[in-house]
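**Q** Have a look at this one before I ask anything.
2 protein chains.
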Amino acid sequence: MRNNISVLKKYIASQAISKCASCSLRELCLPVGLDAHETEILSDLIEHKCKIGRGEYLLRAGMRFKSLYAVRNGFFKSYILDSEGRQQVTGFYMTGELLGLDAISAEIHTCETVALEDSEVCEVPFERLEEISCSIPLLMHQFHKIMSREIVQDHRVMVLLGNMKAEERIAAFLLNLSDRFEKRGYSATSFVLRMTREEIGSYLGLKLETVSRSFSKLQDEGMITINNKHVELHDIHRLTRKISGY
Amino acid sequence: MRNNISVLKKYIASQAISKCASCSLRELCLPVGLDAHETEILSDLIEHKCKIGRGEYLLRAGMRFKSLYAVRNGFFKSYILDSEGRQQVTGFYMTGELLGLDAISAEIHTCETVALEDSEVCEVPFERLEEISCSIPLLMHQFHKIMSREIVQDHRVMVLLGNMKAEERIAAFLLNLSDRFEKRGYSATSFVLRMTREEIGSYLGLKLETVSRSFSKLQDEGMITINNKHVELHDIHRLTRKISGY
DNA sequence: CGCTCGGTTGACCCGTTTCAAGTAACGTGG
DNA sequence: CCACGTTACTTGAAACGGGTCAACCGAGCG
């Protein structure tokens, strides 16, 4: 009896914490601006907490599109595979960010998406999201903002790839991560890179050796310390100046 | 009297042809899949036919976001201006394509958008578009597809900027234009470039001299003829092979 | 008609890639 | 828990592609 109650309690607790209403990411994710009732409706259609182990694929290119996925915790990369098997990383995704937006247009996923650490996602069935956003204008609007933000972010990468030198790209990359960590309540100046030099290079249009050299250069100049995957930003101002002009 | 009637007739005619229902771009633009009644509702909120002369700006970075714009005819470029005044072209837009999607997220336009030839656009007030798409699910869905398509297109540019060599970029660029012209009923193999070499270079992450050299090279290899702004594609297959692998 | 702007081409230079060697961290199985 | 093999990372030297600088040409426009 005792035991049963404790199991039940645990079950209720796990349900509770997985709801949007009590999710720490509310303010970064789809429910921004929704009231309690609306949040509940949204929450009900979402499959909360799918676990994805490190190295596991959440999405494969060619998969039929059914759902978007919100990162609940963890870290993902998305990439496009060319016919010779090379990767072009199209983005890194952290807590509160929405995966799979590229697939809406053709109803087929175009990116491979893999967890770079043990992660959890919330599955958002897209058809149902569209249905309920008819009756929750704020949700629809928030969704549009999220899609638009993805476009803005992609434009930033285009500027980076089109105009910046290697060191500038790395500086921009670190500052972008720093920003996003800070928004999520983590340190803006000290964090761990979840991806390899090769993955960074693929994202930034550089070879891994160039990434490594650029890190070393920024370290020599005293702006950062880099120790394997651990980064410390010592002089955000100077890093920013390095890319100012873009 | 005679005169008045003729003026009236002209007015009615101009109204009629400017409606979505009779627009030749229906199948490329927002009304895809809508029935007559729905098309009418959409059409009513759109300000049809704003003329933008060559060299005039449709949007400026920093402008408050109010509307999206569908290109009715003509040709536009969008670009981001860095603090030193350099341009990074983020896209070229032709008939039926939707401008201003980047501005939804921050409610501020981030791109400068200028007509490269005398053009006309339809203004789509965004708040009202969101309102009516609550009652026209197909319209909402079509809008989501258009945004998603923009993301996919940006990803393609990222691959191009991240991995391809100069000549490959030019080949990819020409094939992309060819495709889009063909979809609009124009020749896939013979068309006029509306933009300068410098603008092409900015879009493709190359200097104008490199663009020029790459055109010459492709011409020497017999794949294209290029005469000022006029291009002929002689061997689409070979051009495609040049970029296959991406 | 002449000026300006856009485009082409050549020569040289610089930054990134490529190739190569060596080292450090990590995960696995004994 | 250690030894091993594997993978990730760093650094150097040489090669190469695209950038830069410069001269010239041609088309379009006032």
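These protein sequences, in sequence, are chains C and S.
Using my numbering, the letters of the first sequence map in sequence onto residues 1 to 246.
Using my numbering, the letters of the second sequence map in sequence onto residues 1001 to 1246.
Idealized CB from N, CA, C, for every residue including glycine.
1. For ASN163/C, count neighbouring C-beta atoms within 10 Å of its own C-beta (all shown protein chains included) and say buried if the count is 16 or more, exposed if not.
2. Using DSSP with H/G/I as helix, E/B as strand and the rest coil, what is ASN228/C?
3. Please indicate yes or no: does the CB of ASN227/C lie closer than 7 Å to some heavy atom of the ligand HEM?
4. Is the Cβ-Cβ distance between HIS1141/S and LEU1059/S less than 8 Å?
5. Measure how close the beta-carbons of SER1067/S and PRO1125/S come, nearest whole angstrom, since I'm counting them as under 8 Å.
6. Entirely within the region 154-234 of chain C and at least 4 residues each: give me those alpha helix (DSSP H) ranges in chain order.
7. For the beta strand (DSSP E) containing HIS1048/S, name the first residue and the last one.
8. Which parts of the region 1092-1139 of chain S are runs of the beta strand (DSSP E), unbroken and 3 residues or longer, counting only runs that do not cross its ends?
9. Say whether chain S places a C-beta atom closer than 8 Å to the C-beta of ASP235/C.
10. If the cut is a Cβ gap below 8 Å, which residues of chain C does PRO1137/S touch?
11. Please work out which residues of its chain come closer than 6 Å, Cβ to Cβ, to GLU198/C, disregarding the five sequence neighbours upstream and downstream, and give them in chain order.
12. Counting only C-beta atoms, is ILE200/C closer than 8 Å to chain S at any point?
13. How is LEU1059/S classed by DSSP in three states: helix, strand or coil?
14. I want to see whether chain S comes within less than 8 Å of ALA172/C, judged by CB atoms only; does it?
15. What number of angstroms, rounded off, separates the C-alpha of CYS50/C from the C-alpha of ALA1070/S?
16. To which residues of the same chain is CYS111/C closer than 7 Å at the C-beta, ignoring the five residues directly before and after it?
17. Would GLU84/C count as contacting chain S if we go by Cβ distances under 8 Å?
18. Where do the ends of the alpha helix (DSSP H) carrying ARG1238/S lie?
19. DSSP three-state call for LYS1077/S: helix, strand or coil?
20. Is the distance from the Cβ of LEU25/C to the Cβ of ARG128/C below 8 Å?
21. Which residues in the same chain have their Cβ closer than 6 Å to the Cβ of PHE76/C, if we skip the five residues on either side of it in sequence?
22. Using the beta-carbon count (16 or more within 10 Å), is LYS1242/S buried or exposed?
23. When the Cα atoms are used, what is the spatial distance from THR1039/S to MET147/C?
24. At the 8 Å Cβ level, is GLY1222/S part of the contact set with chain C, yes or no?
25. Going by Cα to Cα distance, which pick from LEU204/C, SER190/C, LEU206/C and SER202/C is closest to ILE236/C?
26. Show which residues of chain S have a CB atom less than 8 Å away from the CB atom of THR150/C.
27. State buried or exposed for GLU1107/S, treating a residue as buried only when at least 16 other CB atoms are found within 10 Å of its CB.
28. Just confirm the distance between the C-beta atoms of GLU1167/S and LEU1218/S, as a whole number of angstroms; I'd bet it's less than 8 Å.
29. Along the region 1153-1166 of chain S, what residues have a CB closer than 7 Å to any CB found in chain C?
30. Pull up the CB-CB distance for ILE136/C and HIS1144/S, whole angstroms please, since I reckon it's below 8 Å.
31. Which whole-angstrom value describes the C-beta separation of LEU1042/S and LEU1034/S, a residue pair presumed to lie in contact below a C-beta threshold of 8 Å?
32. Should LYS1242/S be flagged as near chain C, meaning a C-beta pair shorter than 8 Å?
33. Based on Cα-Cα distance, which residue from VAL1121/S, GLY1096/S and LYS1019/S lies nearest to ILE1052/S?
34. Would you tell me roughly how many angstroms separate the C-alpha atoms of LYS1229/S and SER187/C, rounded to the nearest one?
35. Suppose you measure from the CA of SER214/C to the CA of ILE170/C; what does that come to, to the nearest Å?
**A** For this structure:
1. ASN163/C sits buried, since 16 or more C-beta atoms from the chains shown fall within 10 Å of its C-beta.
2. Reduced to three states, the DSSP call for ASN228/C is coil.
3. Among the ligands in the structure shown, none appear at all, so the ligand HEM cannot be discussed.
4. LEU1059/S is positioned such that its CB atom lies no closer than 8 Å to that of HIS1141/S.
5. That belief holds up - the Cβ atoms of SER1067/S and PRO1125/S are roughly 5 Å apart, short of 8 Å.
6. The alpha helix (DSSP H) runs of length 4 or more contained entirely in the region 154-234 of chain C are, from start to end of the chain, 166-183, 197-204 and 208-220.
7. For HIS1048/S, the enclosing beta strand (DSSP E) covers residues 1047-1052.
8. Within the region 1092-1139 of chain S, the complete beta strand (DSSP E) runs of at least 3 residues are 1112-1115 and 1119-1125.
9. It does not; no Cβ of chain S falls within 8 Å.
10. Going along chain C in sequence order, the residues near PRO1137/S (Cβ under 8 Å) are GLU130, GLU131 and CYS134.
11. Within the same chain, Cβ atoms closer than 6 Å to the Cβ of GLU198/C are found at LEU208, the five residues on either side in sequence being excluded.
12. Not an interface residue.
13. Note: LEU1059/S maps to strand in three-state DSSP.
14. By this cut-off, ALA172/C is not an interface position.
15. Across the structure, CYS50/C and ALA1070/S are spaced so that their CA atoms are roughly 39 Å apart.
16. So the qualifying residues of the chain are LEU59, ALA61, SER78, TYR79, ILE80, THR90 and ASP102.
17. Yes, its Cβ sits closer than 8 Å to a Cβ of chain S.
18. From DSSP, the alpha helix (DSSP H) with ARG1238/S extends over 1236-1243.
19. LYS1077/S: strand per DSSP, three-state reduction.
20. Not in contact: LEU25/C and ARG128/C (Cβ atoms no closer than 8 Å).
21. Residues TYR93, THR113 and ALA115 of the same chain have their beta carbon placed closer than 6 Å to that of PHE76/C, with the five preceding and five following residues left out of the count.
22. Counting Cβ neighbours within 10 Å, LYS1242/S comes out buried, since at least 16 surround it.
23. Cα to Cα, the separation comes out at about 24 Å.
24. Chain C contact via Cβ: absent.
25. With distances taken between Cα atoms, ILE236/C lies closest to SER190/C.
26. First, the amino acid is wrong: residue 150/C is Glu here, not Thr. Listed along chain S, the residues sitting closer than 8 Å to GLU150/C by beta-carbon distance are ILE1151.
27. With fewer than 16 Cβ atoms within 10 Å of its Cβ, GLU1107/S is classed as exposed.
28. The pair is a contact, with the Cβ atoms about 7 Å apart (cut-off 8 Å).
29. Residues passing the 7 Å Cβ filter: ASP1154, HIS1155, VAL1157, MET1158, VAL1159, LEU1161, GLY1162 and ASN1163.
30. In this structure, ILE136/C and HIS1144/S do not form a Cβ contact; the two beta carbons are roughly 15 Å apart against a cut-off of 8 Å.
31. Correct: roughly 7 Å between the Cβ atoms.
32. Chain C contact via Cβ: absent.
33. Ranking VAL1121/S, GLY1096/S and LYS1019/S by CA distance to the CA of ILE1052/S puts VAL1121/S first.
34. The alpha-carbon atoms of LYS1229/S and SER187/C are separated by roughly 52 Å.
35. Linking SER214/C to ILE170/C through their CA atoms gives a straight-line distance of about 7 Å.
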